[in-house]
Amino acid sequence: MPSVIANEFGEASGVQRSALIGLGVLLFVITIIINLAARLVITRSARRTAGA
Amino acid sequence: MTLATEPETVDLRESKGWRRSKNQLATGLMVLAIVVVTLPLGWVIYSVIKRGASIISWSFLTSPIPPVVAPATTGGMGPAVLGTFLITGWATLMAVPLGILGAIYINEYGGRGPIAALVRFMADVMTGVPSIVMGLFIFSIWTLHFGFSGFAGALALACLMLPIVIRSSEEMLKLVPNSLREASYALGSTKTRVTITVVLPAALAGIVSGSLLAVARGAGETAPLLFTILTVTQANRNVFHGPNTALATQIFSNATQPYPGAESRAWGAALTLIAIAFILMIAARIVTARFTRLAR
Numbered sequence: 001m002p003s004v005i006a007n008e009f010g011e012a013s014g015v016q017r018s019a020l021i022g023l024g025v026l027l028f029v030i031t032i033i034i035n036l037a038a039r040l041v042i043t044r045s046a047r048r049t050a051g052a
Numbered sequence: 053m054t055l056a057t058e059p060e061t062v063d064l065r066e067s068k069g070w071r072r073s074k075n076q077l078a079t080g081l082m083v084l085a086i087v088v089v090t091l092p093l094g095w096v097i098y099s100v101i102k103r104g105a106s107i108i109s110w111s112f113l114t115s116p117i118p119p120v121v122a123p124a125t126t127g128g129m130g131p132a133v134l135g136t137f138l139i140t141g142w143a144t145l146m147a148v149p150l151g152i153l154g155a156i157y158i159n160e161y162g163g164r165g166p167i168a169a170l171v172r173f174m175a176d177v178m179t180g181v182p183s184i185v186m187g188l189f190i191f192s193i194w195t196l197h198f199g200f201s202g203f204a205g206a207l208a209l210a211c212l213m214l215p216i217v218i219r220s221s222e223e224m225l226k227l228v229p230n231s232l233r234e235a236s237y238a239l240g241s242t243k244t245r246v247t248i249t250v251v252l253p254a255a256l257a258g259i260v261s262g263s264l265l266a267v268a269r270g271a272g273e274t275a276p277l278l279f280t281i282l283t284v285t286q287a288n289r290n291v292f293h294g295p296n297t298a299l300a301t302q303i304f305s306n307a308t309q310p311y312p313g314a315e316s317r318a319w320g321a322a323l324t325l326i327a328i329a330f331i332l333m334i335a336a337r338i339v340t341a342r343f344t345r346l347a348r
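Chains F and E supply the protein sequences, listed in that same order.
Residue numbers for the first sequence follow my numbering, so the first one is 1 and each next one is one higher.
Residue numbers for the second sequence follow my numbering, so the first one is 53 and each next one is one higher.
Here it is as C-alpha cells:
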C-alpha cells in the first residue's frame, strides 16, 4: 500500500487523489489496530505478573 | 582412627558429556546470531561504499544537479545536501524542544494521571504510523493550502521525530534516581527548580543521544518528503517558499532512472546520507561522553 501511494500520487488528481488518501487512512487504521492489540497483550501480561 | 583422612579431591569440571556439548552448541548459536544481525548492516555499507565512493568528491557535494541523462562525472548533489540540512534542521528545531518538554510533563508532572497516559498512548500510536501517512497528512493540511515548500517537509519530519524524542527522553528521565529529586526537595527547591537544575542535567546525555538518533532517522526519510517538497533539481535556500529538494528524495528519483549517470549519482547521494547519519551518531557519542564526565 505505501508503494502504491508513493508511485501514483505524483500524477494523481481529483478522485484518484482522494482514493489514495483514503488508502492512507486505511493504512493508518490498520497500524492503530495492531498497536491496540500489542497494548492489550502487554497490559494482560503485566497484570498476570503483578498478580503472581 | 580415620578422622584425619584427607578429603577426597573431586574434579568439579564437567566431564565430556551432554552438558558440555550443550554449552558449546549454545555458544555457537549465539555467535551465529551475532553474525546474522551484523551481516546485513555490513553488506549495506559495503555495497553503498563500493558503488558510491568513486563519485564522491568535494565538487559532488557542492555542484548543482545535472539533467538525468548527464554522465556520472558531471554535476553533483549540492542542492540536495543543502535541502537535507535545511529541512532536517527545521524539523529538529520543532520536534526536539517539544518532545523534551512533553517527556518532562509525562514523567515529572503527569505521573499516573489520565493526561499523561493519553500523551503516552498518542506517542505510541504516532511511532507506529507509516511515514507515508504522515506525508499525506501534511500534504492535505499544509501543502494543499500553502503549496510545496521545504517547511512542509520539515513539518512532516517533525511529526515523525516527535514520538521518538518523547519516548527516548522519557526513558532517560525515568532512569534518574528518585533520591536525587528527594534530596533536592529536602533543600527547599520548587518542582520547576528540581526539574531544571537536577533532573535535566542528570538525564541530559541520554536525551541528547536519543534526540540525535531521531534526527538521523528523520534525515533518512523519503516518503513524507515526496508530496511535501516536490523534489526539484534547483537549490532553494528559502525553506518557507517554493519547492525544495533533499538527498533521500533525490536517491528515490535518480535510482528509478534508466541512465547510468543518474544511478551512480543516486549511489553517491546514498553514501552521503549514510555519512551524515554516521557523523551524527559519532557526535552523539562524543556529547554523551563529555556530559557524563561533567556530571561526575
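By construction, the Cβ of each residue, glycine as well, lies at the ideal position given by its N, Cα and C atoms.
Since the model is a prediction, treat every value here as computed from it, not as a measurement.
Using 8 Å for Cβ pairs, my map puts T280/E next to G199/E. What's the rounded Cβ distance? On the second sequence, position 228 is the one that residue 280/E refers to. On the second sequence, position 147 is the one that residue 199/E refers to. Contact flag wrong, Cβ pair sits at about 10 Å.
Would you please state the rounded distance, in angstroms, between the beta carbons of A336/E and L252/E? I believe it to be under 8 Å. Locating residue 336/E in the second sequence gives position 284, where the first residue counts as 1. Locating residue 252/E in the second sequence gives position 200, where the first residue counts as 1. Incorrect: roughly 17 Å between the Cβ atoms, too far for contact.
Enclosing alpha helix (DSSP H) for G270/E [first to last residue]: The residue labelled residue 270/E in the question sits at position 218 within the second sequence. Start and end: L252 to A271.
Applying a beta-carbon distance threshold of less than 7 Å, which residues of chain F neighbour V181/E? The residue labelled residue 181/E in the question sits at position 129 within the second sequence. Residues of chain F passing the Cβ test: F28 and T31.
Measure from the C-beta of G24/F to each C-beta in chain E and report whether the shortest distance is under 8 Å. The residue you call residue 24/F lines up with position 24 of the first sequence. Cβ-Cβ to chain E under 8 Å: yes for G24/F.
Below-8 Å beta-carbon distance, I34/F vs any chain E residue: Here the question's residue 34/F lines up with position 34 in the first sequence. Output row for I34/F: interface = yes.
Within its chain, find whatever has a CB closer than 8 Å to the CB of F9/F; leave out the 5 residues flanking it on each side and keep chain order. As a working note, residue 9/F is residue 9 in the first sequence. These residues qualify, in order along the chain: R17 and L20.
If we require 3 or more residues per run, which beta strand (DSSP E) segments fall completely within the segment 195-220 of chain E? none
I need the DSSP call for M1/F, collapsed to helix, strand or coil. Indexing the first sequence from 1 puts residue 1/F at position 1. DSSP places M1/F in coil when its eight states are reduced to three.
What are the start and end residues of the alpha helix (DSSP H) that includes M186/E? Counting from one through the second sequence, the residue named residue 186/E turns up at place 134. S183 to I190 is the span of the alpha helix (DSSP H), which, as asked, contains M186/E.
For F292/E, name the three-state secondary structure that DSSP assigns. Here residue 292/E corresponds to residue number 240 of the second sequence, with the count starting at 1. Correct three-state label for F292/E: coil.
Any C-beta of chain F within less than 7 Å: which residues of the segment 278-306 of chain E qualify? L278 and F279
Stretch-stretch touch, CB-based, cutoff 8 Å, three pairs: the segment 182-198 of chain E with the segment 274-294 of chain E: yes
Would you say I42/F lies against chain E (beta-carbon separation less than 8 Å)? Stepping through the first sequence from its first residue, residue 42/F is reached at position 42. Chain E, which has no Cβ nearer than 8 Å to the Cβ of I42/F, makes this no.
Restricting to Cα atoms, I'd like to know which of V284/E, L212/E, W194/E and R245/E is closest to G184/E. Here residue 184/E corresponds to residue number 132 of the second sequence, with the count starting at 1. With the sequence shown as reference, residue 184/E is identified as Ile, and Gly is not the correct amino acid for it. Ranking the options by Cα distance to I184/E, first place goes to L212/E.
Classify W142/E as buried or exposed, calling it buried when 16 or more other Cβ atoms lie within 10 Å of its own Cβ. As a working mapping, residue 142/E is identified with position 90 in the second sequence. Label assigned to W142/E: buried.
Would DSSP call Y311/E helix, strand or coil? For the purposes of this step, residue 311/E is identified with residue 259 of the second sequence, where counting begins at 1. The answer is coil: DSSP assigns Y311/E none of H, G, I, E or B.
Any C-beta of chain F sitting closer than 8 Å to the C-beta of A275/E? If you number the second sequence from 1, residue 275/E lands on position 223. For A275/E, the answer is yes, since a Cβ of chain F falls inside 8 Å of its Cβ.
Under 8 Å, with one C-beta from each stretch per pair, do the segment 168-180 of chain E and the segment 238-255 of chain E reach the 3-pair mark? no
A6/F at chain E interface by Cβ criterion, 8 Å: Position 6 of the first sequence holds residue 6/F. Yes, because at least one Cβ of chain E sits closer than 8 Å to the Cβ of A6/F.
Is R164/E helix, strand or coil when you go by DSSP? Within the second sequence, residue 164/E is the residue found at index 112, counting from 1. The answer is coil: DSSP assigns R164/E none of H, G, I, E or B.
Quick one, are the C-beta atoms of T291/E and L138/E less than 8 Å apart? Stepping through the second sequence from its first residue, residue 291/E is reached at position 239. Stepping through the second sequence from its first residue, residue 138/E is reached at position 86. Looking at the sequence provided, one finds Val at residue 291/E rather than Thr. Yes, the pair counts as a contact, with Cβ atoms nearer than the cut-off.
Taking just the CA atoms, how far does I5/F sit from T304/E? Position 252 of the second sequence, counting from 1, holds the residue named residue 304/E. Position 5 of the first sequence, counting from 1, holds the residue named residue 5/F. Just to set this straight, residue 304/E is Phe in the shown sequence, not Thr. Those two C-alpha atoms are separated by around 14 Å.
Cβ pair count under 8 Å reaching 3, the segment 264-276 of chain E against the segment 103-115 of chain E: no
Can you pull the chain F residues whose beta carbon is under 7 Å from the beta carbon of S201/E, in chain order? Here residue 201/E corresponds to residue number 149 of the second sequence, with the count starting at 1. Within 7 Å Cβ-Cβ: nothing; S201/E doesn't reach chain F, min ~17 Å.
By the criterion of Cβ-Cβ separation under 7 Å, what are the contact partners of V177/E in chain B? Reference to chain B is not applicable here, since the protein chains of this structure are F and E.
Segment contact, 8 Å Cβ cut-off, at least three pairs: the segment 214-224 of chain E with the segment 303-317 of chain E: no
Can you list, in chain order, the residues of its chain whose CB lies under 8 Å from that of L113/E, leaving out five sequence neighbours each side? As a first step, residue 113/E is located in the second sequence; it is residue number 61 there, counting from the start. Contacts found: G128, M129, G130, V133 and T324.
Close beta carbons around V100/E, own chain, < 8 Å, minus the five adjacent residues each side: Reading the second sequence from its first residue, position 48 is the one you call residue 100/E. Result list for V100/E: W319, A322, L323 and I326, in chain order.
Might you give, ordered along the chain, the residues of its own chain that have their beta carbon closer than 7 Å to the beta carbon of L214/E, omitting 5 neighbours on each side? Locating residue 214/E in the second sequence gives position 162, where the first residue counts as 1. Only A147, L150, G151 and M178 meet the Cβ criterion.
Taking C-alpha atoms, which residue in G270/E, G94/E, A122/E and G180/E lies nearest to V29/F? Start at 1 with the first residue of the first sequence, and residue 29/F comes out as number 29. Of G270/E, G94/E, A122/E and G180/E, the residue nearest in Cα terms is G180/E.
Can you tell me which of W70/E, A329/E, N288/E and L332/E puts its alpha carbon nearest to the alpha carbon of I117/E? As a first step, residue 117/E is located in the second sequence; it is residue number 65 there, counting from the start. Looking at the Cα atoms, N288/E is the closest of the given residues.
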